[in-house]
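J.: With mature numbering (1 follows the signal peptide of the UniProt record, and there is no 0) applied, the sequence shown covers -26 to -1, 1 to 417.
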Amino acid sequence: MKHRGRHRRRRRGAALRAALTGTALALTAAATLISTSQAEVAEDPGALTPLTSPADTGRLRLQERLVPGRSLDRLAAAMGRPVGVDAVLRDADRRMREADDCSADDRASLPVAPAPARAYCWDPADTAGDWRPVSVTTSGDAGVDGVRGTHRVVLAGWTHSDTAGRPGEQGLARVAFVNADDPARLSYRWVLPVVPVDGGRDYRGLASGVSGMVWHKDKLLVTTASGGADALYVYDLDRIQRTTVDAPAIGRVPGGWSAAGYDYVLPAVASYRFAAGRCSASGPPCPGALALDRGTAPDSLVAAEWTAPDDDRRARLWRYAFDTDPARPGLLATDGTGGVDAVEAYRTRAAGIRGVLSYREAGADRPSWYVGRLRGTQDGRGGLWRQDTRRTRETHCGADASDRCWARGAGSLSYWRETGEVWSLSDRMLFALPLAGLDRSLD
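1. Have a look at G54 and R48 and give me their C-alpha separation to the nearest angstrom.
2. Judging by CA-CA distance, which residue of V317, G186, L166 is the nearest neighbour of S62?
3. Between which two residues does the beta strand (DSSP E) harbouring M403 extend?
4. Does DSSP put G43 in a helix, in a strand, or in coil?
5. Between the beta-carbon of A147 and the beta-carbon of S109, is there less than 7 Å?
6. Buried or exposed: which applies to R163, given that a residue is buried once 16 or more other Cβ atoms fall within 10 Å of its Cβ?
7. I'd like the span of the alpha helix (DSSP H) that includes G114, first residue to last.
8. How would you label S130, buried or exposed, when you count the other beta carbons within 10 angstroms and need 16 or more for buried?
9. What do you get for V173, buried or exposed, if any count of 16 or more other CB atoms within 10 angstroms of its CB means buried?
10. Three-state secondary structure (DSSP) at L22?
11. Is it buried or exposed, D285, if we count other Cβ atoms within 10 angstroms and call 16 or more buried?
12. Please classify G312: is it buried, with 16 or more other beta-carbons within 10 angstroms of its beta-carbon, or exposed?
13. Which residues in the same chain as A282 place their Cβ atom closer than 7 Å to its Cβ, once the five residues preceding and following it in sequence are excluded?
14. For the alpha helix (DSSP H) that contains P28, what are its first and last residues?
15. Give the straight-line distance between the Cα atoms of T217 and L266, rounded to the nearest whole angstrom.
16. If you follow the beta strand (DSSP E) that D176 is part of, which residue opens it and which one closes it?
17. Indicate the three-state DSSP secondary structure (helix, strand or coil) for G357 in the structure shown.
18. Do T369 and L409 have their CB atoms nearer than 7 Å?
19. Please report the distance separating the alpha-carbon of D155 from that of V127.
20. Would A316 and L34 be called neighbours here (beta carbons separated by less than 7 Å)?
21. Three-state secondary structure (DSSP) at M187?
22. On the three-pair Cβ rule with 8 Å, is the stretch 221 to 239 touching the stretch 84 to 97?
23. Under 8 Å, with one C-beta from each stretch per pair, do the stretch 333 to 341 and the stretch 266 to 278 reach the 3-pair mark?
24. According to DSSP, which residues form a beta bridge with D267?
25. Looking at the unbroken alpha helix (DSSP H) that takes in L129, where does it start and where does it end?
26. What does the alpha-carbon distance come out to for the pair G58 and K191?
27. Going by C-alpha distance, which of R364, G304, G356 is nearest Y320?
28. Going by other Cβ atoms of all chains shown within 10 Å of its Cβ, with 16 needed for buried, is S161 buried or exposed?
29. Any idea if A3 is buried or exposed, counting beta-carbon neighbours within 10 angstroms, 16 or more meaning buried?
30. Is the distance from the Cβ of L275 to the Cβ of Y294 below 7 Å?
31. For residue 440, which three-state DSSP category applies?
32. Going by DSSP, which residues form a beta bridge with G229?
33. Counting Cβ pairs, one atom from each stretch, are 3 or more of them under 8 Å apart for the stretch 252 to 265 and the stretch 298 to 307?
34. When burial is assigned at 16 or more other CB atoms within 10 Å of the CB, is S398 buried or exposed?
35. Please classify V118: is it buried, with 16 or more other beta-carbons within 10 angstroms of its beta-carbon, or exposed?
36. For a test of your reading of the model: does the CB of R391 fall under 6 Å from any non-hydrogen atom of the ligand ATP? Yes or no.
Here's what the structure looks like:
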């Protein structure tokens, strides 16, 4: 069903700055103590082990594949002039509610420690079905001023179950474009990521989970988990297209273009696949969480390998450099053959990684890696660690010092450098907390 939202003016400036520096919310979940019967003593994942051998680093090599410009132009000519992020936000048709107006179940999904400074729940219709939020990035990643076009924006990637719901949506990904200009009045609109096919004469849905997302310059990079050889897809946020037909199908249909009822689609402009083949335990890693690190020169894309929470395999953490060529904004740095090599890589004993950040403090000789992980527990609440090559630290909470303090069904992490905030997701809410507060919670 199509929705047409009304454009509302958002209060900006002072209200935003006040919210960014405000004290933590008095959240029910943050005040909850985890009982001794629930506590789980986790294995210390220890210090990071650098990977330097060609056998290890060679498995991380990517090969870039650009969608031909003529294919993208053919699609745009058939669908109409592309629009940008501002056009989508003007059409926002859903409101987010602040934590106090959310259900107890929503609030119970938030981290116990560190407590969020701000938190929001989605439209109940969006969390009632088979869609779940898993990844987040912001306009703080897109540029140093934190503004894209005329707005401050949060993008949240959602994944649909591949076994339930409407057949046209099964296994797909979608992205919520959230207007964050006014911290008290967040609103959003859905956009469906798609992949051009047949030389731009048609497109298909992105049938994959999107466990990681990074917005760099005008590009959105997302992980893929569809069982194919591609590791990352790249989207140009200036190439959003409007659909013209409200139908269950995705792609060209009689009378125009459809996207399972969504009004906007975002066609892929490039992809990266591992040169050594599909991900496996003995080959390239299955990419999970992504984040942007602006503390390197040039900026870099950091990634974490997805392993099951109860897997005893040592997961890999690594980074790629972004290209500095002005003609290639938002793309990874390649060699003469289109190959992309990791510029840094480690192993960690942490498993079930759903969020990763790399951040170098002023005066530090090396970056720290923040790792949010799931556990194989009934409540789905995980832990948060900070690791480097010398040691590891974790969050604790409650009278029994449980380490299961992080969000339920935790999603990715995104650092908004301008505000000093880390944005993340539970399985029901979007939230932000100061990076300094996260550090204070570490043991």
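From the three backbone atoms N, C-alpha and C, an ideal C-beta is built for every residue, glycine too. From a predicted model like this one, the values you see are computed outputs, not experimental measurements.
T.: Let me spell this out:
1. 10 Å
2. Looking at the sequence shown, residue 62 is not Ser but Val. The option with the nearest alpha carbon to V62 is L166.
3. 403 to 408
4. helix
5. no
6. buried
7. 113 to 116
8. First, the amino acid is wrong: residue 130 is Ala here, not Ser. Flag for A130 reads buried.
9. Correcting the residue identity first, residue 173 is Gly in this sequence and not Val. So G173 ends up on the exposed side.
10. coil
11. exposed
12. exposed
13. A325, G326
14. 28 to 31
15. 31 Å
16. 176 to 179
17. strand
18. no
19. 7 Å
20. yes
21. strand
22. no
23. yes
24. S274
25. Unbroken run through L129 is the beta strand (DSSP E), 127 to 134; no alpha helix (DSSP H).
26. 13 Å
27. R364
28. buried
29. Confidence in A3 is poor, its pLDDT being 40 and thus under 50, which makes the residue's placement unreliable; the coordinate value appears in the next sentence. When all chains shown are included, A3 counts as buried.
30. yes
31. The structure shown does not extend to residue 440, since the chain spans only -26 to 417, so no value can be given for it.
32. Partner(s): none; G229 has no beta bridge.
33. no
34. buried
35. exposed
36. The ligand content of the structure shown is nil, which means the ligand ATP is not present either.
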